[in-house]
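Asker: Below: one structure in structure tokens.
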Amino acid sequence: MTDELPGRVMSDGRPLSDHVLVSNAALGDTDAFELIVARYGPEMFRYARNMLSDHGAAEEVVQDAFVAAWKGLDTFRGDSKLRTWLFSMVSHKVVDHRRKRAVAPAEDWVFERRSTDARADPEVSATNDDFMADLGRALAELPYRQRACWLLREVEGMTHPEIGQIMTLSASAVRGHLVRARATLSERLAAWQ
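Written out as structure tokens, the structure is:
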């Protein structure tokens, strides 16, 4: 299967599956692992950046998570999706980083949607920017677990069980954190409703 890696696709044109990449990477195939990094690194970085509000710290956390993943590939049993397993590692590295340093709440740069279209309505652009700034401030004030659950659900599109695996919470606890986060956000953003 390693001969399929240079083209990043299988002979029928489909992208290589996570299972194939993990199997090859576990055998020491660095090209396969590089494909895993390329596939999941950007969203892992986005999550870490939103949790830490520090570009450099987020890069460090994601790099540490990938180092741990490389070392632990032979222990990955496939009980969860590769994406969930990797996000779990990032989540743990974020917690470790937060323990080492007192971190200001995230600025949530992922929510910045500045218009670059010269034809855009300035009033609409300003209103959108103001809303996104208010949303960013409201998210930054949420407790850590509520913010993490909200970001994993609403930005990364993960399911409650996947978030539970990442955060080492039950699906019910995830639902509870999401309910509280949404209620707080609804209250703090009431002027926008």
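Numbering (this note's numbering), first residue to last: 68 to 260.
For every residue, glycine included, the Cβ atom is placed at its ideal position computed from N, Cα and C.
(1) Report back the beta-carbon spacing between residue 128 and residue 164 to the nearest angstrom; my notes put them in contact at under 8 angstroms.
(2) Any idea what DSSP makes of residue 228, helix, strand or coil?
(3) To the nearest angstrom, how far is it from the Cα of residue 122 to the Cα of residue 132?
(4) Assuming residue 158 and residue 233 are in contact, meaning their beta carbons sit under 8 angstroms apart, how far apart are those beta carbons, in whole angstroms?
(5) Since residue 99 and residue 115 are thought to touch, with beta carbons under 8 angstroms apart, how far apart are those beta carbons, to the nearest angstrom?
(6) For the region 137–147 against the region 195–212, do three or more pairs of beta-carbon atoms, one drawn from each stretch, fall closer than 8 angstroms, so that the two count as touching?
(7) Along the chain, where does the alpha helix (DSSP H) containing residue 121 start, and where does it finish?
(8) Which one of 224, 201, 113 and 96 has the shortest CA to CA distance from residue 141?
(9) Go ahead and pull the three-state DSSP assignment for residue 109.
(10) Using only the alpha-carbon positions, how far apart do residue 208 and residue 107 sit?
(11) Determine the contact status of residue 205 and residue 252, defining contact as a CB-CB distance below 8 angstroms.
Answerer: To lay it out plainly:
(1) Residue mapping note: residue 128 aligns to position 61 of the sequence shown, counting from 1. Residue mapping note: residue 164 aligns to position 97 of the sequence shown, counting from 1. Residue 128 to residue 164, Cβ: 5 angstroms. Contact.
(2) Translated into positions along the sequence shown, residue 228 becomes position 161. Of the three classes helix, strand and coil, the one that applies to residue 228 here is helix, per DSSP.
(3) Locating residue 122 in the sequence shown gives position 55, where the first residue counts as 1. Locating residue 132 in the sequence shown gives position 65, where the first residue counts as 1. Near 15 angstroms, if we compare the C-alpha coordinates of residue 132 and residue 122.
(4) Counting from one through the sequence shown, the residue named residue 158 turns up at place 91. Counting from one through the sequence shown, the residue named residue 233 turns up at place 166. With a contact defined as Cβ atoms closer than 8 angstroms, residue 158 and residue 233 qualify at about 5 angstroms.
(5) Translated into positions along the sequence shown, residue 99 becomes position 32. Translated into positions along the sequence shown, residue 115 becomes position 48. About 23 angstroms; that fails the 8 angstroms criterion.
(6) no
(7) Position 54 of the sequence shown holds residue 121. No alpha helix (DSSP H) holds residue 121; DSSP gives it neither H nor E.
(8) For the purposes of this step, residue 141 is identified with residue 74 of the sequence shown, where counting begins at 1. Residue 96 is the option with its Cα nearest to residue 141.
(9) By 1-based counting over the sequence shown, the position of residue 109 is 42. If DSSP states are grouped into helix, strand and coil, residue 109 belongs with the helices.
(10) The sequence position of residue 208 within the sequence shown is 141, counting from 1. The sequence position of residue 107 within the sequence shown is 40, counting from 1. Roughly 27 angstroms separates the two Cα atoms.
(11) Mapped onto the sequence shown, residue 205 falls at position 138. Mapped onto the sequence shown, residue 252 falls at position 185. Residue 205 is a Cβ neighbour of residue 252, given a cutoff of 8 angstroms.
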